[in-house]
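Before any comments, here is the structure.
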Amino acid sequence: MAKTARATYAMKTGPLNTEEPWFRVISKHGNEKTAKLHFYFQDLIGGENKTVYEVVRASITCNSLFSFGSILVIDNLITAEADIKSKPIGRFQGVATSADLKTTAVALNANFYFTSGGVNGSTISISGRNPIMKGARELAIVGGTGMFRFARGYVVSNYTSIVENEYLLVECTIYVTYMDKSRSCKHMKASQDNN
1 MAKTARATYA MKTGPLNTEE PWFRVISKHG NEKTAKLHFY FQDLIGGENK TVYEVVRASI
61 TCNSLFSFGS ILVIDNLITA EADIKSKPIG RFQGVATSAD LKTTAVALNA NFYFTSGGVN
121 GSTISISGRN PIMKGARELA IVGGTGMFRF ARGYVVSNYT SIVENEYLLV ECTIYVTYMD
181 KSRSCKHMKA SQDNN
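When we follow UniProt numbering, the leftmost residue of the sequence shown carries the number 1, and every step to the right adds one.
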């Protein structure tokens, strides 16, 4: 795309599209935008640099086939590409609780915390049941901050590789609808001025 075409496109859809290949606004309607984000998080479950830690076990956990009652805290690196050395764009941080007696599934409460580009400092919060042995898994977006105020939508994630039971690569595609921050601020100011 030529530089002028890129600038025109950015004016229509937002400045992020010119710099962040992993972030694309796919529609606008009134004060809302819908974006598709595509990236990877590096789930290091073993080794000296691991990013997942078990912090609690229930009395049943050791005897459970599915680690029922185990609670894990997570602080995974998010990268633009699959390679762990590719551009870091944020962290995936949260809590996963093994909450199913009959299969491997966790109750997940987590945030995608972005540290790159126009979404720096923004979060997308997710929550739901994550059947981790299933191929593509879907989780609900329950909110967001910064650029993603009033966020709603869903996340599709799946493991793309497992290395020596210590490293999982998770591919994520997010479809998120959120309030256009620049428009919502103007609307809120106008509303306050009228009161």
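The C-beta atom is built at its ideal place from N, Cα and C for all residues, glycine as well.
Sequence-distant residues of its chain with Cβ nearer than 7 Å to Val73 (five each side left out):
The answer, listed in chain order, is Tyr53, Val55 and Val95.
With H, G and I counted as helix, E and B as strand and the rest as coil, what does DSSP make of Lys134?
DSSP places Lys134 in coil when its eight states are reduced to three.
Can you check which of these residues, Ser157, Tyr40, Thr123 and Glu164, is closest to Glu138 by C-alpha distance?
Closest in alpha carbon position to Glu138, among Ser157, Tyr40, Thr123 and Glu164, is Ser157.
Going by beta-carbon coordinates alone, are Ala151 and Tyr175 separated by less than 8 Å?
By the CB criterion at 8 Å, Ala151 and Tyr175 fall outside the cutoff.
Three CB pairs or more closer than 8 Å across the region 31 to 40 and the region 68 to 83
With the cut-off at 8 Å, the region 31 to 40 and the region 68 to 83 touch.
Could you tell me the alpha carbon to alpha carbon distance between Asn120 and Phe112, rounded to whole angstroms?
Cα to Cα, Asn120 sits roughly 11 Å from Phe112.
Use the C-beta contact count for Asn76: other C-beta atoms within 10 angstroms, 16 or more gives buried, fewer gives exposed.
Its Cβ being crowded by 16 or more others within 10 Å, Asn76 is buried.
By the three-class DSSP mapping on this structure, what secondary structure does Gly90 have?
For Gly90, the three-state secondary structure derived from DSSP is strand.
Tell me which same chain residues have a C-beta within less than 6 Å of the C-beta of Ile84, skipping the five on either side of it?
Annotation for Ile84: Gln42 place their beta carbon closer than 6 Å to its own, counting only its chain and skipping 5 residues before and after.
Presumed contact (8 Å Cβ cut-off) between Ile141 and Val155, rounded CB distance:
In this structure Ile141 is in contact with Val155, their Cβ atoms being roughly 7 Å apart against a cut-off of 8 Å.
Smallest Cα separation from Lys50: which of Asp180, Lys181, Leu169 and Thr123?
Among Asp180, Lys181, Leu169 and Thr123, the Cα nearest to that of Lys50 is on Leu169.
Leaving out the 5 sequence neighbours to the left and right, which residues in its chain are closer than 7 Å to Asp180 when beta-carbon positions are compared?
Around Asp180: Asn31, Glu32 and Lys33.
I'd like to know whether the C-beta atoms of Ser125 and Gly144 end up nearer to each other than 8 Å.
Their beta carbons are under 8 Å apart, which means Ser125 touches Gly144 by this criterion.
When you compare each of Glu20, Lys36, Ile45 and Ser27 to Ile162 by their alpha carbons, which one comes out closest?
Shortest Cα-Cα distance from Ile162 to any of Glu20, Lys36, Ile45 and Ser27 involves Ile45.
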